[in-house]
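11 is the number of the first residue of the sequence shown in the working numbering; add one for each residue after it.
All residues carry an ideal CB built from backbone N, CA and C; glycine is no exception.
All values derive from a computational prediction rather than experimental measurement.
To keep things clear, I will list the structure first and then write my remarks on it.
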Amino acid sequence: MAKLVIKFGNEVIDHVELRQGDMKVGRKPGCDIHIDNLAISGEHANIFTIGEDSFIQDLGSTNGTFVNGKKISKHHLREGDSISIGKHSLVYLGESAAPGAGETQDDFTKTVIITSPGLREPVKPPAAPAGAKPAGGQQGAIMVLNGANSGKRIELAKTVTSLGRTGKSAGKITRSADGYTLTGNDTDEVPKLNGRPVPNNGARLKNGDIIEVAGTRLQFLLR
């Protein structure tokens, strides 16, 4: 697992392991990486991790965010990068350098999994009927990577799971005998798969794929 080594001057004061999804850095007590220093904004920067890749984005801080001495708005972190925030530095160590290697930014619009009219919160769909086999012999799921529901895992046990805001579906994941397919819903909000708009005829999902829909990032998982 990738981590940050937090330093003040030449003194190491903490080590923080980076989890999947968003981790805010700032002076506010609620930040994932809390640094209590007046040179740091309340919500100074955001670190977003997908798989083995981590990105840092400045959140409009007063004093700015610097990587290797250069002011950035967003940056893809590399092994050994030194992030300067106020008088603190955060050194990024990737998974290859961290023991036990294994397993983005403004607020995003909340995405819900729509399984019935008026549903307002992501829920776990009911289990598949007894004897039913998951598509392709593997069970699919999606994990929320950002926002209030970051880290929430939702099993794709139903034949069709709709994605979008309450009362407005922006896409759907369809389960069939040979896998899972992501399609749009002919609206202005076309879902993206690994950064690209989903074609009109849909796209087959693979383990680890990143879905962006209605402002929320989801990761597709197979087991």
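- If you draw a 10 Å sphere on the C-beta of Lys182, you find 16 or more other C-beta atoms in it, and that means buried.
- For the options Leu87, Ile50 and Ser64, the alpha carbon positioned closest to that of Ser71 is the one of Ile50.
- From the listed residues His54, His25, Gly31 and Gln30, the smallest Cα separation to Pro39 is found for His54.
- If one requires a minimum length of 4 residues, no alpha helix (DSSP H) run lies completely within the stretch 182-219.
- Distance from the Cα of Ser179 is smallest, within the candidate group Asp68, Gly194 and Asp219, for Gly194.
- With a contact defined as Cβ atoms closer than 8 Å, Phe76 and Phe65 miss out at about 15 Å.
- From the listed residues Met11, Gly174, Lys216 and Thr184, the smallest Cα separation to Lys168 is found for Thr184.
- The beta carbons of Leu192 and Leu155 sit about 16 Å from each other, so the pair does not count as a contact at 8 Å.
- The alpha-carbon separation between Ile45 and Glu165 amounts to approximately 36 Å.
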